[in-house]
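Enquirer:
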Amino acid sequence: MVSRVEEIGGGAIADLRVLDLATAGAAYCGKLLADLGAEVFKIEPPGGESGRRHAPFAPASGAGASEGRGASFRFAYLNANKHGTVLDLDRAGDRDRFLELVAAADLVIESFAVGHLAERGLGYPALRAAHPGVVLTSISGFGQTGPQRSYRSNDLVASALGGAMISIGDPEDPPVRLASHQADVITATLAAASSLVALAHRDRTGQGQHVDVSSLEAMSAITHIAGVGKWLEDDVVPKRVGTGLVASVPSGAYRCKDGLVYLMVNRPAHWQALAQWIHERTGNEEVLLPDFRGPSSNRLPFRELLDVFIGDLTEQLTVSEAYHEGQRRRIAFTPVNTANRILADEHLAARGFFHELELEDGRRLRSPGAPYRLSRSPWRVTRPVPRPGADRDRVAGFLAPRPTPPVAFARDPAPDENSLPLAGLRVVEFGTGLAAPWIGRILAWAGAEVIKIESRAHPDVPRLFVPPKHPEQGTQPECSPWFTDWSAGKRFVALDLRKPEGAELARRIIDRSDAVIANYSTGVLAKLGVGYETLAARNPGLVMLESNGYGESGPLARYVTWGPNIEALSGLCSFSGFPHRECTISHFAYPDPLSALHGLVALMAGLRERAQSGRGQVI
21 MVSRVEEIGG GAIADLRVLD LATAGAAYCG KLLADLGAEV FKIEPPGGES
71 GRRHAPFAPA SGAGASEGRG ASFRFAYLNA NKHGTVLDLD RAGDRDRFLE
121 LVAAADLVIE SFAVGHLAER GLGYPALRAA HPGVVLTSIS GFGQTGPQRS
171 YRSNDLVASA LGGAMISIGD PEDPPVRLAS HQADVITATL AAASSLVALA
221 HRDRTGQGQH VDVSSLEAMS AITHIAGVGK WLEDDVVPKR VGTGLVASVP
271 SGAYRCKDGL VYLMVNRPAH WQALAQWIHE RTGNEEVLLP DFRGPSSNRL
321 PFRELLDVFI GDLTEQLTVS EAYHEGQRRR IAFTPVNTAN RILADEHLAA
371 RGFFHELELE DGRRLRSPGA PYRLSRSPWR VTRPVPRPGA DRDRVAGFLA
421 PRPTPPVAFA RDPAPDENSL PLAGLRVVEF GTGLAAPWIG RILAWAGAEV
471 IKIESRAHPD VPRLFVPPKH PEQGTQPECS PWFTDWSAGK RFVALDLRKP
521 EGAELARRII DRSDAVIANY STGVLAKLGV GYETLAARNP GLVMLESNGY
571 GESGPLARYV TWGPNIEALS GLCSFSGFPH RECTISHFAY PDPLSALHGL
621 VALMAGLRER AQSGRGQVI
């Protein structure tokens, strides 16, 4: 069978047609879809979208040289791969033309002020009248309903009100946000994932819907472990505490001979490995005391003392020595990277991460590449940054009829408009920490049957919960508010995958499932007999998402990390904060929810491609 994806030579979601009215940071939603193959038409007002005028700019050349300003880097990154057309929605003729496009579209993305489209007769009821199956995704600061729906917002407002700024940085400094508009990025990624979920529901029922995405709610959700959740669930008022994390002792940025390294210890074995290294290098006998062993909560009263012990080790080492020798011992040491170090990073180079982006004038710009890698239908950027209205000739193709999209999963015997969007989807989760469990949680909320396979011998980190007000109670694995929040709505089974019968039971469950999500260290699942090749040989339609710090390939693929380590590796902690701070860390493990939402986008795209071709793939 030749799929629609193969027929048109596109990516995983090449059958989708998208109208992108989003501006500024919200444009990342359309970028994610375009780079996965969707035909995305960026609709700009006369004169072009305001984002074209956002600094920094490429040096001017050609026609732009006379104006003294080249292309906006940010606009180029967010909008390459899209087609471009111009419509003035204040004019009746252009509104009619827009509704013609809606009738042929699967999805409309917009980020106007609440009511802007409705005031022009283009609200969701009008779009639904033009096309009952269309999905409208609205991205706003406070949502489409509620007393504050008309309030103005931006990345700074969402970071402040959403709970991020109360837990980023040092207590001596004023509040600060993460660099590079992360509230916009996370909200747009959530919007892309939510749109694909809504389209899966449309494929089953024939009915579109209005998806309402609020940046305030998105930020409140991703910051909950250090924001409002800290108060609601632990009865603790959140605050800024520097580079170390309250729940992980030891953790933080430590000085080496030539820079900073970031360390996070989350498991008893990791502490024992670190203590042994400190003892070997410094002769310190006290670090081996049994008082420091066990979960992080046991070390909490000794945080400052342990920081001294670790500093005695790292000050003898270069960043490279601490990094690679620490990782050899399976300790999560990572460099606090600068921009120059990232551009020279051997692992990113080996994986071919950076790629060239073509600007409007034909020049090429080195740019960050794929946030995920689909083995059968890869991410790719093939089109330059669109000029306003440059693709009017493509409109006729956009309006052409298409076949009805196939259904990605169909165990639900009687889908209707009111059924949950992912009813009938079965997912197996090998998740630890936050990243993969967050994907499973969202899938379960949307109606999927999610089966979490656990280990009694190696419990998930959130199960190592100790009540902060009553540490004398010790570990309370069934009372962890974090585990409860990240795992609501799932089924649970405990299997010892080290035993042949345990691994075979896992494989039999997966034989009858649509997808697997996992964030174990590279190679662990294959070693246990539940790697992708083994599973796909039995279930060729399986879509498997494997998420970890470095990816499944490259020279450092087996290195261990946690969310804060990725803030250090990616340079985000160097770019964020005040000039006198070399490392500014979020206390809500920002890369974990960010990678979870990207993973959800990629997983939904992989399931959509499988509906077209019948084939699974690994992501």
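With this note's numbering as the guide, the letters of the sequence shown map in order to residues 21 to 639. C-beta atoms are modelled at their ideal positions from N, C-alpha and C, and glycine is treated no differently.
Cα separation between H299 and H607?
Expert: Taking the straight line from one Cα to the other gives about 29 Å.
Enquirer: Is it true that the region 354-363 meets the region 588-597, where meeting means three or more beta-carbon pairs spaced less than 8 Å apart?
Expert: Segments in contact, yes.
Enquirer: Which same chain residues end up closer than 7 Å to I462 when comparing Cβ atoms and leaving out the 5 residues on each side of it in sequence?
Expert: For I462, where only same-chain residues beyond five positions count, the Cβ hits under 7 Å are L620.
Enquirer: Which residue comes first and which comes last in the alpha helix (DSSP H) that contains K250?
Expert: V248 to D254 is the extent of the alpha helix (DSSP H) around K250.
Enquirer: Take every Cβ of the region 324-334, pair it with every Cβ of the region 269-283, and state whether three or more of those distances are shorter than 8 Å.
Expert: Touching, yes, given that three or more Cβ pairs across the two stretches are closer than 8 Å.
Enquirer: What number of angstroms, rounded off, separates the C-alpha of A477 from the C-alpha of P310?
Expert: So the two alpha carbons sit approximately 21 Å from each other.
Enquirer: Quick one: any contact between the region 562-571 and the region 149-163, if contact means 3 or more CB pairs under 8 Å?
Expert: No contact exists between the region 562-571 and the region 149-163.
Enquirer: For Y343 and I471, what's the separation of their Cα atoms in angstroms?
Expert: Cα to Cα, the separation comes out at about 36 Å.
Enquirer: Assuming L454 and G247 are in contact, meaning their beta carbons sit under 8 Å apart, how far apart are those beta carbons, in whole angstroms?
Expert: About 14 Å; that fails the 8 Å criterion.
Enquirer: Helix, strand or coil for S23? Go by DSSP, reduced to three states.
Expert: Low local confidence applies: a pLDDT of 44 at S23 is under 50, so the model's placement there is unreliable, with the coordinate-based value given in what follows. In this structure, S23 counts as coil in the three-state DSSP scheme.
Enquirer: Apart from the five residues just before and just after A526, which ones in its own chain have a Cβ nearer than 7 Å to its Cβ?
Expert: Excluding residues within five positions, the ones whose Cβ falls inside 7 Å are I473, L515, L517 and V550.
Enquirer: Heavy atom of the ligand SAH less than 6 Å from the Cβ of E553, yes or no?
Expert: The ligand SAH is not among the ligands present in this structure, which contains no ligands whatsoever.
Enquirer: Pull up the DSSP beta-bridge partners for G279, would you.
Expert: Partner(s): C276.
Enquirer: Please report the residue range of the alpha helix (DSSP H) in which P310 lies.
Expert: Element bounds for P310: n/a, residue is neither H nor E.
Enquirer: Evaluate A194 with the Cβ neighbour count: other Cβ atoms within 10 Å of its Cβ, from every protein chain shown; 16 or more gives buried, anything less gives exposed.
Expert: The sequence shown places Pro at residue 194, not Ala. By the neighbour-count rule (16 or more Cβ atoms within 10 Å), P194 is not buried but exposed.
Enquirer: Alpha carbon to alpha carbon, how far is L53 from A293? Give it in angstroms, no decimals.
Expert: Straight-line Cα distance between these residues: approximately 43 Å.
Enquirer: Which residues in the same chain as R483 place their Cβ atom closer than 7 Å to its Cβ, once the five residues preceding and following it in sequence are excluded?
Expert: Counting only Cβ-Cβ distances below 7 Å, and skipping sequence neighbours, we find P497, S500 and F503.
Enquirer: Going by the DSSP bridge assignment, what does A180 pair with across the sheet?
Expert: Per DSSP, none; premise fails for A180.
Enquirer: Sorted by chain position, which residues of the same chain lie with C-beta nearer than 6 Å to M624's C-beta, five sequence neighbours on each side aside?
Expert: Taken in chain order, the residues that qualify are L216.
Enquirer: Which whole-angstrom value describes the C-beta separation of P270 and S187, a residue pair presumed to lie in contact below a C-beta threshold of 8 Å?
Expert: Between S187 and P270 the Cβ distance is about 19 Å, and since that is not below 8 Å, they are no contact.
Enquirer: Under 6 Å Cβ to Cβ from I459, same chain only, skipping five residues before and after it: list those, please.
Expert: Correct list, in chain order: I537, A616, G619 and L620.
Enquirer: Can you have a look at V281 and say buried or exposed, based on whether 16 or more other CB atoms are within 10 angstroms of its CB?
Expert: Buried.
Enquirer: What is the rounded straight-line gap between the Cα of Y610 and the Cα of S387?
Expert: Rounded to the nearest angstrom, the two C-alpha atoms are 22 Å apart.
Enquirer: Can you list, in chain order, the residues of its chain whose CB lies under 7 Å from that of A370, leaving out five sequence neighbours each side?
Expert: Correct list, in chain order: G574 and P575.
Enquirer: Hey, L15 and A150: beta-carbon distance below 7 Å or not?
Expert: Any property of residue 15 remains undetermined from this structure, which presents the chain solely from 21 to 639.
Enquirer: May I have the straight-line CA-CA distance separating A640 from P315, to the nearest angstrom?
Expert: Outside the modelled stretch of the chain, which goes from 21 to 639, sits residue 640, for which no answer is possible.
Enquirer: Go ahead and pull the three-state DSSP assignment for M624.
Expert: Note: M624 maps to helix in three-state DSSP.
Enquirer: Restricting to Cα atoms, I'd like to know which of I530, W251 and D534 is closest to G183.
Expert: That would be W251, whose Cα lies nearest to the Cα of G183.
Enquirer: Per DSSP, what kind of secondary structure is M239 in: helix, strand or coil?
Expert: It is helical.
Enquirer: According to DSSP, is V154 helix, strand or coil?
Expert: Correct three-state label for V154: coil.
Enquirer: Do V155 and L219 count as a contact pair if the criterion is CB distance below 7 Å?
Expert: The answer is yes: Cβ separation under 7 Å.
Enquirer: Work out the CA separation of T243 and G84 for me, nearest whole Å.
Expert: With a pLDDT of 48 at G84, under the threshold of 50, the predicted position of this residue should be treated as unreliable, though the coordinate-derived value follows. Whole-angstrom Cα-Cα distance: 42 Å.
Enquirer: Do R628 and G561 come within 7 Å of each other at the CB atom, strictly closer than that value?
Expert: Their beta carbons are not under 7 Å apart, which means G561 does not touch R628 by this criterion.
Enquirer: Could you say if the region 169-185 and the region 94-113 meet the contact criterion of at least three C-beta pairs nearer than 8 Å?
Expert: In short, these stretches do not touch, since the Cβ pair count stays below three.
Enquirer: Locate the alpha helix (DSSP H) running through S507, then write down its first and last residues.
Expert: Run containing S507: P501 to S507, per the alpha helix (DSSP H) assignment.
Enquirer: Sort out for me which residues DSSP pairs Q637 with in a bridge.
Expert: The partner list for Q637 (beta bridge, DSSP) reads V563.
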